[in-house]
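Residue numbers (full-length UniProt numbering): 1 to 404.
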């Protein structure tokens with residue numbers, strides 16, 4: 001009678017170990033049903049599920065595995081598996097799979113405990129846990145570290161809405177980000193990424209900076225804040241704010257443009273997206289004058305933003321149609337995807353304001369970046385802890401991949 005056995009091997013990792021063990025199994029004519037191997041801090045954990053033919057050699061094969069492992073200074077455990085248990089395991093391979101991604105400045109046991117408890121509470125089983133971030137020095141400053149742990153989970157959550165709400169609550173409590181997304185074909189096959197500009201690619205709202213220079217900073221900042229929270233219609237608020245800038249000198253634009261700072265991780269993100277073959281775009285309710293500066297600096301393919309009308313060296317304060325508002329952003333995302341021959345599932349959209357929500361909802365991966373509470377709650381995913389390059393982790397990108 002054939003036997004099914006799970007072989008677990010642990011010990012100090014060394015070259016040739018896998019070849020030695022599988023070589024013994026090969027001599028016994030063994031079939032491999034499942035296999036997995038991980039190395040943590042030079043310590044090996046190697047599991048292999050085997051089917052040993054009904055030829056009377058089972059005890060001999062396992063004895064040879066034990067002897068070979070002993071010579072390699074490894075510990076071995078054999079666990080018999082019944083055919084009914086094996087068939088039940090095979091039957092589970094059609095279950096849905098999801099990816100839970102934990103992003104933080106420094107990974108703690110409490111963070112892992114809370115995430116794993118929530119997945120279990122909603123009926124999800126963890127299959128794999130991987131560290132995507134690089135090795136972190138012990139003396140890394142608290143505000144500069146990057147930690148990312150990816151959980152591959154199996155099953156269908158009992159209540160997806162409640163699951164996401166609980167992840168969001170824990171993320172706010174522990175000052176981490178927790179992403180939950182279906183593990184589909186498109187996750188690693190996205191090819192277009194579009195971005196809001198103000199407070200997303202740059203650490204400022206340009207219209208507020210212009211307003212300060214025009215002496216109407218407080219008035220415009222208040223309108224901007226209410227619009228970003230979703231309390232005001234974007235088109236109306238945009239026209240109102242722009243009207244307050246009437247008469248501002250064109251020279252001020254150059255000064256402000258030179259002072260704008262890129263958001264943390266922007267240069268790394270765009271360098272990697274370009275290396276991976278992505279097309280990128282700015283879809284901004286801000287101004288094309290500044291967006292084109294970013295385009296040159298980051299190598300962005302497309303720019304769609306609002307034009308500043310200038311007459312005799314001064315801003316007129318008149319809005320030039322078409323205004324890039326929430327619906328325009330969503331329409332542009334759809335048009336760009338069609339132009340590039342892509343499905344919407346292959347797109348990424350990133351923004352921080354209420355006027356970004358339509359495009360975030362339309363994209364395959366919509367990310368609310370350092371966003372207002374309303375936007376974080378409404379978007380599919382949110383990143384507030386790390387920089388823009390944290391988006392790479394949501395694609396399954398490992399820090400070491402950037403060194404290839």
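For every residue, glycine included, the Cβ atom is placed at its ideal position computed from N, Cα and C.
Residue i vs residue j beta-carbon contact at 7 Å
i	j	result
residue 170	residue 105	no
residue 197	residue 291	yes
residue 100	residue 153	yes
residue 247	residue 314	yes
residue 385	residue 163	no
residue 352	residue 371	yes
residue 199	residue 156	no
residue 5	residue 80	yes
residue 118	residue 131	no
residue 167	residue 186	no
residue 369	residue 383	yes
residue 307	residue 324	no
residue 205	residue 224	yes
Candidates the options, of which the one nearest residue i by Cα
i	options	result
residue 348	365, 334, 300, 335	365
residue 86	49, 231, 107	49
residue 269	7, 389, 402, 397	389
residue 339	318, 280, 288, 350	280
residue 51	333, 15, 22	22
residue 360	342, 379, 371	379
residue 64	284, 82, 42, 24	24
residue 43	121, 12, 143	12
residue 241	216, 320, 261	216
residue 98	108, 126, 78, 112	126
residue 263	318, 218, 207, 195	195
residue 175	143, 151, 222	143
residue 55	35, 2, 46, 45	2
residue 410	395, 212, 357, 393	Here the chain covers residues 1 to 404 and nothing more, so residue 410 does not appear.
Near the ligand FMN: residue i beta-carbon under 6 Å from a heavy atom
i	result
residue 137	Inclusion of the ligand FMN in the displayed structure is not the case, the ligand content being empty and no account of it being possible.
Residue i - partner residues in DSSP beta bridges
i	result
residue 338	Looking at the DSSP assignment, residue 338 forms no beta bridge with any residue, so it has no partner.
residue 276	For residue 276, which the question treats as bridged, DSSP gives no partner whatsoever.
residue 48	7, 35
residue 12	43
residue 351	368
residue 125	154
residue 193	280, 348
For residue i, three-class secondary structure by DSSP
i	result
residue 70	helix
residue 117	helix
residue 215	coil
residue 305	strand
residue 179	strand
residue 24	helix
residue 206	helix
residue 246	coil
residue 260	coil
residue 284	strand
residue 79	strand
residue 415	Residue 415 cannot be examined here, being either before or after the span of the chain that is shown, 1 to 404.
residue 369	strand
residue 95	coil
residue 381	strand
residue 268	helix
residue 135	coil
Residue i versus residue j - alpha carbon distance
i	j	result
residue 295	residue 304	11 Å
residue 26	residue 67	15 Å
residue 173	residue 110	11 Å
residue 257	residue 289	8 Å
residue 188	residue 363	14 Å
residue 254	residue 298	18 Å
residue 74	residue 83	28 Å
residue 245	residue 220	9 Å
residue 337	residue 277	14 Å
residue 316	residue 249	10 Å
residue 233	residue 158	37 Å
residue 192	residue 252	34 Å
residue 77	residue 45	11 Å
residue 274	residue 133	20 Å
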